[in-house]
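Numbering (the UniProt record's numbering), first residue to last: 1 to 322.
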């Protein structure tokens, strides 16, 4: 007779639940940071659109930038060539040449389009160099006290009291005549104002309590300057950049007008210098003088309007008129 074992079998042990992956909190934190950035940008754009002057300046800059990028397709790559000039010397505006021709028979409108490329490039790169130097000097001078700040500020004061144009002319004279010479000459002579502004903002930021907590938790100089001070001074730096670009474009035009630019490159300043050399002032050839001058003034005004609008959005206490 077969007997059946009625002893109950032990229940299987439950499978342990694996711990959550370590990447989930990181991903959620990154997604939250991206969402905050998108929200901040959307809020900035909503406030910026309320400034009609800023919108006009932005639209003007976008239009000029598109024209400059599409210059080869709009006017052709040979429009700057002297040997293949299609018109006569200093022809008045006509249906074929809406803005007339220069002393070599080239279309002034085509030169104006090509000059936008050089002027915008010089303005952007020189402003970037100027703001980079000024931001570094300002943060370091504001963070480190004592003789570090004293030496940096005395150097800044020396550059600040010296005429910027005179220093730029001196640098452009001793260096090779090229586009990079103009960029370097403008960048290394126009940074003191940015350094002063950034230093003042750095002193205000480092007086806040969270900076003291960061230092108490072991944050070094680099951590405090890069992770805490720099993000808080970036709005000021961004607004200052738009204002510096217009100044850089005017300085480039002045240096090119004085004959210190690259003679093989067409810019709005070089067009004015060529018009002066060709006697357009005494001859009354306004179509050769007016377009580059108006273009320089228009771009400088557009950048200034954008800078004022950005400054008003980032710091509403200034009360800039809309």
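Where is the CB? At the ideal position from N, CA and C, for every residue including glycine.
What you are looking at is a predicted structure, and each value in this text was computed from that prediction instead of being measured.
Residue 266 carries a coil assignment under DSSP once its states are collapsed to helix, strand and coil. When Cβ pairs closer than 8 Å are counted between the two stretches, the stretch 207 to 217 is seen not to touch the stretch 263 to 271, the count staying below three.
Looking at the DSSP output, residue 202 shares a beta bridge with no other residue. In this structure, residue 239 sits near residue 307, with a CB-CB distance shorter than 7 Å. Rounded to whole angstroms, the Cβ separation of residue 106 and residue 77 is 13 Å, and the two are not in contact under 8 Å. When secondary structure is reduced to three states using DSSP, residue 190 falls in the coil class, being assigned neither helix nor strand.
With a contact defined as Cβ atoms closer than 8 Å, residue 259 and residue 202 miss out at about 40 Å. Within the model, the alpha-carbon separation for residue 114 versus residue 300 is close to 18 Å. Apart from the 5 residues on each side of it in sequence, residue 53 sits with its Cβ closer than 6 Å to the Cβ of 305 in its chain, given in chain order. CA-to-CA, the gap between residue 261 and residue 175 works out to about 11 Å. Annotation: the stretch 195 to 252 contains the following complete segments of the alpha helix (DSSP H) (minimum length 4 residues), in chain order: 209 to 216.
Its chain contains 179 as the residues whose beta carbon lies nearer than 8 Å to that of residue 121, once the 5 sequence neighbours on both sides are disregarded; these appear in chain order. Contact between residue 313 and residue 48 holds: their C-beta atoms lie close to 5 Å from each other, under 8 Å. When beta bridges are read from the DSSP output, residue 28 appears opposite no residue.
When DSSP states are grouped into helix, strand and coil, residue 94 belongs to the coil group.
Going by DSSP, residue 260 is part of no alpha helix (DSSP H) at all; its letter is neither H nor E.
Taking 7 Å as the cut-off, the Cβ atoms of residue 295 and residue 57 do not count as close. Contact between residue 127 and residue 244 holds: their C-beta atoms lie close to 4 Å from each other, under 8 Å.
The stretch 94 to 104 makes no contact with the stretch 150 to 166; the number of CB pairs closer than 8 Å stays below 3.
Cβ neighbours of residue 129 within its own chain (closer than 6 Å, five residues either side excluded): 187.
Around the beta carbon of residue 109, 16 or more other beta carbons lie within 10 angstroms, which makes this residue buried.
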